[in-house]
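Note sheet for the following structure.
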């Protein structure tokens with residue numbers, strides 16, 4: 053579904069952006085942005101294990117965004133992977149990120165997706181900064197243990213005697 057000269061029309065870009073989605077919120081806003089510039093997409097994943105066949109589900113949507121000319125940033129939540137019951141040992145964080153980046157690029161290339169507008173970021177690149185750490189301390193001074201556990205239950209495996217890292221996870 054590409055124009056003969058290789059550039060996509062607004063309708064074609066919106067087609068790729070919205071296809072196979074159950075619901076699109078802000079359709080008019082997306083189309084308004086597309087009239088001015090390409091959209092920017094953010095998707096994150098914790099590097100807790102090996103990427104597997106199920107990664108093709110979000111990658112097929114990432115592929116649609118890239119085909120539509122969107123700028124796509126994939127965040128590797130490496131620190132989160134460590135804080136989530138240490139699913140990724142500290143010593144392996146950097147290697148896991150490299151493995152994920154190579155795997156995701158290979159997945160996208162295998163289905164013929166352009167990678168020029170794809171970039172990767174590591175959570176530790178900013179989460180270990182002085183400014184970010186100060187923000188986490190500020191947040192920890194206003195959030196209750198109950199709220200941290202409740203928020204963490206959405207993303208961290210709950211155990212009878214959780215580590216403090218599981219309470220820090222939601223605020224990071």
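Residue numbers (my numbering): 53 to 224.
For glycine and all other residues, C-beta sits at the position ideal for the given N, C-alpha and C.
These figures come from a predicted structure and were not determined experimentally.
Length of the line joining the Cα atoms of residue i and residue j
i: residue 64; j: residue 77; result: 18 angstroms
i: residue 216; j: residue 197; result: 10 angstroms
i: residue 130; j: residue 184; result: 15 angstroms
i: residue 150; j: residue 220; result: 25 angstroms
i: residue 105; j: residue 92; result: 26 angstroms
i: residue 172; j: residue 180; result: 17 angstroms
i: residue 159; j: residue 80; result: 31 angstroms
i: residue 145; j: residue 103; result: 14 angstroms
i: residue 167; j: residue 193; result: 42 angstroms
i: residue 125; j: residue 213; result: 35 angstroms
i: residue 200; j: residue 59; result: 47 angstroms
i: residue 191; j: residue 94; result: 23 angstroms
i: residue 195; j: residue 204; result: 12 angstroms
i: residue 186; j: residue 178; result: 12 angstroms
Cutoff 8 angstroms; reference residue i; Cβ partners in own chain excluding five residues on either side
i: residue 55; result: A caution first: residue 55 carries a pLDDT of 48, below 50, which makes its placement in the model too unreliable to give a value.
i: residue 142; result: 134
i: residue 90; result: 65, 120, 121, 122, 123 and 169
Sub-8 angstroms separation of residue i and residue j beta-carbons
i: residue 66; j: residue 82; result: yes
i: residue 135; j: residue 170; result: no
i: residue 140; j: residue 176; result: no
i: residue 96; j: residue 147; result: no
Contact set for residue i: own chain, Cβ-Cβ below 7 angstroms, skip 5 residues either direction
i: residue 165; result: 115, 118 and 119
i: residue 98; result: 129, 132, 133 and 136
i: residue 153; result: 172
i: residue 238; result: Lying outside 53 to 224, the shown extent of the chain, residue 238 is not represented and no answer is given.
i: residue 86; result: 62, 65 and 66
i: residue 108; result: 159
i: residue 163; result: 115
Residues near residue i by beta carbon distance below 6 angstroms, same chain, minus five either side
i: residue 202; result: none
i: residue 72; result: none
i: residue 75; result: none
i: residue 70; result: 76
beta-carbon residue i near the ligand ZN non-hydrogen atom, thresh 7 angstroms
i: residue 167; result: Annotation note on the ligand ZN: not contained in the displayed structure, which lists no ligands.
Unbroken alpha helix (DSSP H) runs of length 4 or more, entirely within the region 76 to 162: which are they? 79 to 88, 108 to 119, 130 to 135 and 145 to 162
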